[in-house]
Amino acid sequence: MRNKRKIFYWTLLISWMIFIAIMSHKPANISDSYSMAIIFGIDKLGLPLNLVFGDLSNFIIRKSAHFIEYMILSILVTNVVNLYLNKKRSILITVIFVFLYACSDEFHQLFVQGRQGSFRDVLIDTAGGIAAVIVKMLYNMFLKKR
Numbered sequence: 005m006r007n008k009r010k011i012f013y014w015t016l017l018i019s020w021m022i023f024i025a026i027m028s029h030k031p032a033n034i035s036d037s038y039s040m041a042i043i044f045g046i047d048k049l050g051l052p053l054n055l056v057f058g059d060l061s062n063f064i065i066r067k068s069a070h071f072i073e074y075m076i077l078s079i080l081v082t083n084v085v086n087l088y089l090n091k092k093r094s095i096l097i098t099v100i101f102v103f104l105y106a107c108s109d110e111f112h113q114l115f116v117q118g119r120q121g122s123f124r125d126v127l128i129d130t131a132g133g134i135a136a137v138i139v140k141m142l143y144n145m146f147l148k149k150r
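Next up, the structure:
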């Protein structure tokens, strides 16, 4: 059972890392079209982002995507690291891993047409990772004990 869990957690983590890399490899115009499609979908749900935020809505969607991508990455990294280390150490390892992967992701974007690496995005990504760690810690402290 433990080996199946390891394989499962590692597979999820590697798959998500590949997904992030694929999304980062999209040229700027394609990446932008994904953001605009999300804005259009949100608008169809009755939340007119463009009316409220104007041109800023694209920025909000793109940065929210960064934050959420790395929240998910953080959860997946934590699952893998917890297989090998105690929970206190896994928090530090997870945050460091998320930060380094965010750095590598932004470096990768330097070589993609129309994209640029941004340390601000590294910070947003890392904040998403830290947010996931905090949510998991709060869950363990308050809800799991019941």
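For what it's worth, my numbering labels the leading residue of the sequence shown as 5, then goes sequentially.
Backbone N, C-alpha and C fix where the C-beta goes; we use that ideal spot for every residue, glycine too.
Small disclaimer: the values here were computed from a predicted structure and weren't measured.
For the alpha helix (DSSP H) that contains ARG119, what are its first and last residues?
-> ARG119 -> no alpha helix (DSSP H), and no H or E assigned at all.
Under three-state DSSP, which class holds ASN86?
-> Coil, per DSSP.
Taking the alpha-carbon positions, what's the LEU21 to TYR38 distance?
-> Rather than Leu, the amino acid found at residue 21 in this sequence is Met. So the two alpha carbons sit approximately 19 Å from each other.
Does the distance from the CB of LEU87 to the CB of LYS140 come in under 8 Å?
-> Result no, Cβ atoms of LEU87 and LYS140 do not sit closer than 8 Å.
Of the residues GLU73, PRO52, LEU53, the one placed nearest ILE26, counting alpha carbons only = Its Cα nearest to that of ILE26, the residue GLU73 stands out among GLU73, PRO52, LEU53.
Looking only at C-alpha atoms, which of ARG119, LEU80, SER68, GLY118 sits nearest to LEU127?
-> It is SER68.
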